Structure formats: structure tokens, C-alpha cells
Amino acid sequence: NAGVTQTPKFRVLKTGQSMTLLCAQDMNHEYMYWYRQDPGMGLRLIHYSVGEGTTAKGEVPDGYNVSRLKKQNFLLGLESAAPSQTSVYFCASSYPLETLNTEAFFGQGTRLTVV
Amino acid sequence: AQSVAQPEDQVNVAEGNPLTVKCTYSVSGNPYLFWYVQYPNRGLQFLLKYITGDNLVKGSYGFEAEFNKSQTSFHLKKPSALVSDSALYFCAVRDGTLVSNTGKLIFGQGTTLQVKP
Chain A
8 NAGVTQTPKF RVLKTGQSMT LLCAQDMNHE YMYWYRQDPG MGLRLIHYSV GEGTTAKGEV
68 PDGYNVSRLK KQNFLLGLES AAPSQTSVYF CASSYPLETL NTEAFFGQGT RLTVV
Chain B
4 AQSVAQPEDQ VNVAEGNPLT VKCTYSVSGN PYLFWYVQYP NRGLQFLLKY ITGDNLVKGS
64 YGFEAEFNKS QTSFHLKKPS ALVSDSALYF CAVRDGTLVS NTGKLIFGQG TTLQVKP
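So the sequences go chain by chain: A and B. Residue numbering for the first sequence follows this note's numbering, beginning at 8 and increasing consecutively. Residue numbering for the second sequence follows this note's numbering, beginning at 4 and increasing consecutively.
Rendered as C-alpha cells:
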């Protein structure tokens, strides 16, 4: 089982460039999440999705967009990268509450540097 | 609004001694609580969860956590620490009330556990 796979693993962008981070899960999970991890800040929720075709804002959504066109994929876009978006990005997925097996599974992360 | 607080940036403990990593939460409905561990340059790994039932839950690698509703806490514990337990630990909360469930999963800022030989 691949679980949650993030691509790319590393990326360096110039200020103003755009990019898309891809998250793919093979566990048939309904919920998917994008987080960023910064030193001393923990994991902060950027956007999330509770099902195919739906997305919602998290704690720090500004400067990011997302799409969930297919259940297994959750894309995170940066339209115009800024140095403040230098971070490690994690994708996660889980079953919904009703299953009780609702713990999230994480990808290995994408280390993004904006210069 | 949901929130999680981990009041200690770092916890230091000697190998063989018991350890506690603290977590308090705020959620409007029923809390679903989780602990995760992160090793350097890795993703997060699930340790244990509280959904309902017994307030003391047991998880992976000998860890356990106690849910205390009156104190809104979910502290992580282990009776005897190992050097290999040294890592970054995160507490997380979800509103478990189906009616008000938004699907959000919110994390604390993390606590670094350092176990010394």
C-alpha cells in the first residue's frame, strides 16, 4: 500500500512563480487535508476537503488554492509564491467521523523554499 | 472554534523514567483526540486516539493517554521512556459531534521529547 503520496518532495521557487503540489491517497478516504509546518508553529491547516468536489478554508488559507476533482487526489496551488510560503507542506487523509477509524494518515512532506 | 495547546516546547526525561507530554483542548462539541509522533525529516505517525469509552487509551510503542473531560486535557504518558522515543509529538482535536462536524482536524504546536541515556 502506498498510503498518502506527495509530489514533489523538494522544490525551490522564485518569488512570483506558481506551482502545484499533488497529494494522492489509495485508501478511499473521504477527508483530505493540507498543512504547513513551520518551526515553533506546529501544523497549521491550510485547506481541507470532506469529499470529492468540496473544499473548505482552514486556519491559514491566504495565498493558496485547492481542488479535489477526484476523490483520491487533493491539489494545493500557489499562484504567486512569496518567501513567507517557505515551509514544509504535509498532506493527510482520513475516513469521516462515522467510521470511528478517523485517524489521519500523512504523506512524507514537501519541502518548499521560495527565494 | 477548535484549538489545541501544548504548553511545553520541550520535555526532558532520563531513560527508564516515566514521561508525560501535556495537551489541553477546546472544542464546542464532543472531542475526538489524537496523538502523533514525528521523527526527523519524516511525516507524522499515528500513536493513539480517544473517541469514546474508557478514559485511558493505549496506543503504539507503549504509549497511553488519559482523557479528562473536566480539565479538557489529553496528556500522553509512558511508564518507562526509551532513548528511541526522542521525537516531536503532536496532539490534535476534531469536533466529534456529527451535526456540527466540519471535518477540521486541528493540531497543537508540538512538544519535543528528549530522552537522555
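No residue lacks a Cβ here, since even glycine has one placed at the ideal position from N, Cα and C. Predicted model only: the values in this text are computed from it and were never measured.
>> Closer than 8 Å between beta carbons: that is the criterion. Which residues of the segment 59 to 80 of chain B meet it against chain A?
In response: For the segment 59 to 80 of chain B, no residue has a beta-carbon sitting nearer than 8 Å to a beta-carbon of chain A.
> Taking all protein chains shown into account, do 16 or more other C-beta atoms lie within 10 angstroms of the C-beta of residue 82 of chain A, making it buried, or fewer, making it exposed?
Replying inline: For the purposes of this step, residue 82 of chain A is taken as the residue at position 75 of the first sequence. Looking at its Cβ environment, which holds 16 or more other Cβ atoms inside 10 Å, residue 82 of chain A is buried.
> Less than 7 Å separating the beta-carbons of residue 20 of chain B and residue 90 of chain B?
Replying inline: To locate residue 20 of chain B, count along the second sequence from 1; it is residue 17. To locate residue 90 of chain B, count along the second sequence from 1; it is residue 87. No; because the gap between Cβ atoms is not below 7 Å, this pair is not in contact.
> Along chain A, which residues have their Cβ under 7 Å away from the Cβ of residue 112 of chain B?
Replying inline: Here residue 112 of chain B refers to the residue found at position 109 when the second sequence is read from its first residue. Under a criterion of Cβ atoms nearer than 7 Å, the residues of chain A adjacent to residue 112 of chain B are, in order, 47, 48 and 49.
> Comparing alpha-carbon positions, which option in A:40, A:61 and A:92 lies nearest residue 112 of chain A?
Replying inline: Your numbering for residue 112 of chain A matches position 105 in the first sequence. When each option's Cα is compared against that of residue 112 of chain A, the closest is A:40.
> So which residues on chain A does residue 32 of chain B lean against when the C-beta distance must stay under 8 Å?
Replying inline: Along the second sequence, one-based indexing puts residue 32 of chain B at 29. Result: empty, since nearest Cβ-Cβ is about 10 Å, beyond 8 Å.
> For residue 116 of chain A, does the count of other Cβ atoms within 10 angstroms reach 16, so buried, or fall short, so exposed?
Replying inline: Counted from its first residue, the first sequence places residue 116 of chain A at position 109. With 16 or more other Cβ atoms inside 10 Å of its own Cβ, residue 116 of chain A counts as buried.
> Quick one, which residues of the segment 81 to 94 of chain A are near chain B if we go by CB-CB under 9 Å, in chain order?
Replying inline: When CB distances to chain B are screened at a threshold of 9 Å, not a single residue of the segment 81 to 94 of chain A falls below it.
> Going along chain B in order, which residues have a C-beta closer than 9 Å to the C-beta of residue 97 of chain A?
Replying inline: Position 90 of the first sequence, counted from the first residue, corresponds to residue 97 of chain A. Annotation: Cβ neighbours of residue 97 of chain A in chain B (cutoff 9 Å, chain order): 46 and 47.
> How would you write the range of the beta strand (DSSP E) that residue 53 of chain A sits in, first residue to last?
Replying inline: Mapped onto the first sequence, residue 53 of chain A falls at position 46. 49 to 58 is the span of the beta strand (DSSP E), which, as asked, contains residue 53 of chain A.
> What residue does the beta strand (DSSP E) around residue 67 of chain A start on, and which one ends it?
Replying inline: In the first sequence, the residue the question calls residue 67 of chain A occupies position 60. Looking at the DSSP string, residue 67 of chain A is not in any beta strand (DSSP E), and its letter there is neither H nor E.
> Going straight from the alpha carbon of residue 109 of chain B to that of residue 35 of chain B, what length do you get?
Replying inline: For this step, residue 109 of chain B is matched to residue 106 along the second sequence. For this step, residue 35 of chain B is matched to residue 32 along the second sequence. Between residue 109 of chain B and residue 35 of chain B, the C-alpha separation is close to 11 Å.
>> For a cutoff of 7 Å on Cβ pairs, would you count residue 67 of chain A as touching chain B?
In response: Position 60 of the first sequence, counted from the start, is the residue given in the question as residue 67 of chain A. It does not: the Cβ of residue 67 of chain A has no partner Cβ on chain B nearer than 7 Å.
> Which of the three DSSP states, helix, strand or coil, is assigned to residue 88 of chain B?
Replying inline: Here residue 88 of chain B is taken as the residue at index 85 of the second sequence, counted from 1. Taken through DSSP and simplified to helix, strand or coil, residue 88 of chain B comes out as helix.
> Near residue 5 of chain B, which residues of its chain fall below 7 Å by C-beta distance, leaving aside the five closest residues on each side in sequence?
Replying inline: For the purposes of this step, residue 5 of chain B is taken as residue 2 along the second sequence, with counting starting at 1. If we look at residue 5 of chain B and ignore the five residues flanking it on each side, its Cβ neighbours are 29, 30, 96, 98, 107 and 109.
>> If distances are taken between C-alpha atoms only, which option among B:55, B:15, B:32 and B:51 comes closest to residue 78 of chain B?
In response: The count along the second sequence starts at 1 and reaches residue 78 of chain B at position 75. Nearest option by C-alpha distance: B:51.
> What does residue 73 of chain A touch in chain B if you count any residue whose Cβ is under 7 Å from its own?
Replying inline: Working through the first sequence from its first residue, we reach residue 73 of chain A at position 66. Under the 7 Å cutoff, chain B gives no residues; its nearest Cβ is about 13 Å from residue 73 of chain A.
> In chain order, what residues of the same chain have a beta carbon less than 6 Å from the beta carbon of residue 80 of chain A, not counting five sequence neighbours either side?
Replying inline: Position 73 of the first sequence, counting from 1, holds the residue named residue 80 of chain A. Cβ neighbours of residue 80 of chain A beyond the five flanking positions: 31.
> Which two residues bound the contiguous beta strand (DSSP E) that contains residue 65 of chain B?
Replying inline: Numbered from its first residue, the second sequence carries residue 65 of chain B at position 62. Note, residue 65 of chain B: premise wrong, no beta strand (DSSP E); not H, not E.
>> Just list the residues that DSSP pairs residue 102 of chain A with in beta bridges.
In response: Reading the first sequence from its first residue, position 95 is the one you call residue 102 of chain A. Residue 102 of chain A is bridged by DSSP to nothing; it lacks a bridge partner.
>> To the nearest angstrom, how far is the alpha carbon of residue 26 of chain A from that of residue 22 of chain B?
In response: By one-based count along the first sequence, residue 26 of chain A stands at place 19. By one-based count along the second sequence, residue 22 of chain B stands at place 19. As the crow flies, the alpha-carbon of residue 26 of chain A is around 42 Å from that of residue 22 of chain B.
>> Quick check on DSSP: helix, strand or coil for residue 43 of chain B?
In response: Translated into the one-based positions of the second sequence, residue 43 of chain B becomes position 40. Here residue 43 of chain B sits in coil by DSSP.
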